[in-house]
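To keep things clear, I will list the structure first and then write my remarks on it.
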Amino acid sequence: GLCLLVLRVFIGVHVFLVSCALPDSLVRRFIVRVMCSVLGLLVRQSDPRLRGAGARVFIANHVTPFDHNVVSLLTSCNTPALSGAPGFICWSRGFMELGVTGSRAELVDSLKEYSAQQGNPPLLLFPEEAATNGRAGLLRFSSWPFSILDEVQPVALQVRRPLVAVSVADSSWITELLWTFFVPFTVYQVRWMPPVPRGADERSEDFALRVQELLAMELGVVSTRITAADRTEHMKRLRHTAQRLPFAPGGDPGCRTSAWALLLGGSVVPPSLPGGAPEDVRVAAMAQQVKEVLPHVPLEVIRTDLVQTNCVDTTIANLLEGRVPFFPESKEPGDLPAPSTSQAAAASGIQGSVAAPSSKPATKQFAKSPVERHLSLQERKRALYDYARR
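Letter by letter, the sequence shown follows residues -20 to -1, 1 to 370 in mature numbering (1 follows the signal peptide of the UniProt record, and there is no 0).
Okay, structure coming up:
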């Protein structure tokens, strides 16, 4: 792997120089594609006849930082730079600089002007706005790419490589490039789909959702409602939890749910207790944490769910949201053990944060509006999560 890495770094410099020297044409794409195969980057495509269907906007799922480079090896297209400072790095990575630093509305107007000029290559856009490994589902599509034109062409991307995960959360494009050079090969499968026109009086949000469903069906994954902002917030929580509880069960990035683990890339090693504690001891310790937060839930139900999730937070969320059925344990108040000082303070803090402005107990309150009930549930969950992390 190290020998391949060193060798391919020197070859990659030549590939970059050749791609800069030659104008965009069929000959240039063929030469660069052959040279990229030496770098271990193999590109395959399905239904190439659909590639020239006349669409001016390509919509693709986002897997790696080099998706736009791979598609540009098959057809002429441009991807606007949405983040990062403009300059040599942005240009060298193959992004198109529009000089727009304002809102999305200004970006859409600029792209509309670009697409109106017939001599310009089509646009390649990634509505997910964040990369995933594409094995579990698609992030929710943003609506702005569907406001440019009334017809788009979906492009399904799948990437696989041996030994190393395709996309790892929070990794930079340089890290992904070095891993691409390190492993023997990385295979990109590009599937062209028929163009999809906008329906009569169809909003951009509905248009985006419809194209997302079509791409999800083509890839054999689910169409989620998780946004790129949710992904960013999730990664912040994982880093914060790992810094505060580096050895605690559920305090490791391995505490992701299966959906998040598949979406954000790679398999994760489940967290373990210090000193190599056995699996049943680790699960028992996490079950006790959940039991302290939700004392009315049977311990066996908690253990069963923890074996599947490996995460205290996820199990609490499953129990609170009703995804795990159980019969509450009935205990008399006198049978409950007296809480410690720290637990009593934490419990009082939870009760103070969960309690509504009304003086009635939260368990006897039932809001009339569904929005109020949802907010009340979210407040309880947030307070219980804070207590579980203590």
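The beta-carbon is built from N, C-alpha and C at its ideal position, and this holds for glycine as well.
Computed from a predicted structure; not experimentally measured.
Could you give the DSSP three-state label for residue i: helix, strand or coil?
i     : result
A180  : coil
E131  : strand
T59   : strand
F(-5) : helix
F306  : coil
A228  : Because A228 sits at a pLDDT of 41, beneath the cut-off of 50, its placement in the model cannot be relied upon, and the point is left open.
A111  : coil
T207  : coil
L301  : Sequence check: residue 301 is Glu here, not Leu. In the structure shown, E301 sits in coil (DSSP, three-state: anything other than H, G, I, E or B).
H214  : helix
M173  : coil
Which residue wins for smallest C-alpha separation from residue i, given the options the options?
i    : options                    : result
I296 : P308, V273, D181 and W153  : V273
G179 : R190, V170 and L6          : R190
A110 : P278, E213 and Q288        : E213
L91  : R115, L62 and F68          : L62
L118 : V176, A188 and R141        : A188
P175 : F106, V263 and D130        : D130
Q25  : P275, V135 and Q268        : V135
P60  : S122, W71 and L53          : W71
F38  : T294, M266, N290 and P177  : P177
D47  : S17, N290 and V139         : V139
Q192 : V132, R84 and V14          : V132
I102 : A116, V18 and I128         : Strictly speaking, residue 102 in this sequence is Pro, with Ile absent from that position. Checked all of A116, V18 and I128; the closest Cα to P102 is I128.
E185 : V202, R120 and K216        : R120
G34  : A208, M173 and F165        : M173
V51  : L104, V287, V261 and F126  : L104
S123 : T207, L218 and A145        : T207
L19  : L218, F(-5), E280 and F161 : F161
R217 : L(-17), T294 and F68       : T294
Which residues mark the beginning and the end of the alpha helix (DSSP H) in which residue i is found?
i    : result
A40  : Premise fails: A40 lies in the beta strand (DSSP E), V37 to A40, not in any alpha helix (DSSP H).
T6   : For clarity, residue 6 is Leu in the given sequence; the question names Thr instead. Unbroken alpha helix (DSSP H) run through L6: L6 to V18.
L87  : R84 to A96
H48  : D47 to S52
D150 : No alpha helix (DSSP H) contains D150, which DSSP labels as neither H nor E.
T44  : From DSSP, T44 is part of no alpha helix (DSSP H); its letter is neither H nor E.
V287 : L279 to T289
Give the range of the beta strand (DSSP E) segment to which residue i is assigned.
i    : result
S26  : L21 to S26
L105 : L103 to L105
Who pairs with residue i in a beta bridge, going by DSSP?
i           : result
Y168        : V23 and V139
V202        : G117
L195        : Answer is none; L195 lacks a bridge partner.
residue 421 : As displayed, the chain neither begins before -20 nor continues past 370, which places residue 421 out of reach and without an answer.
Taking Cβ positions only, does residue i come closer than 7 Å to chain D?
i    : result
V292 : Absent from the structure: chain D. Only one protein chain is present.
How close, in whole Å, do the beta carbons of residue i and residue j come, if the pair is a contact with beta carbons under 8 Å?
i    : j    : result
G74  : N49  : 5 Å
V12  : Y168 : With a Cβ gap of about 14 Å, V12 and Y168 do not count as contacting.
V43  : G114 : 5 Å
R31  : T55  : 5 Å
F306 : P278 : 6 Å
V170 : P142 : Not a contact, Cβ separation roughly 20 Å.
Is residue i close to the ligand GTP? I mean its beta-carbon at under 6 Å from any heavy atom of the ligand.
i   : result
P28 : Of the ligands one can find in the structure shown there are none, so the ligand GTP has no counterpart to examine.
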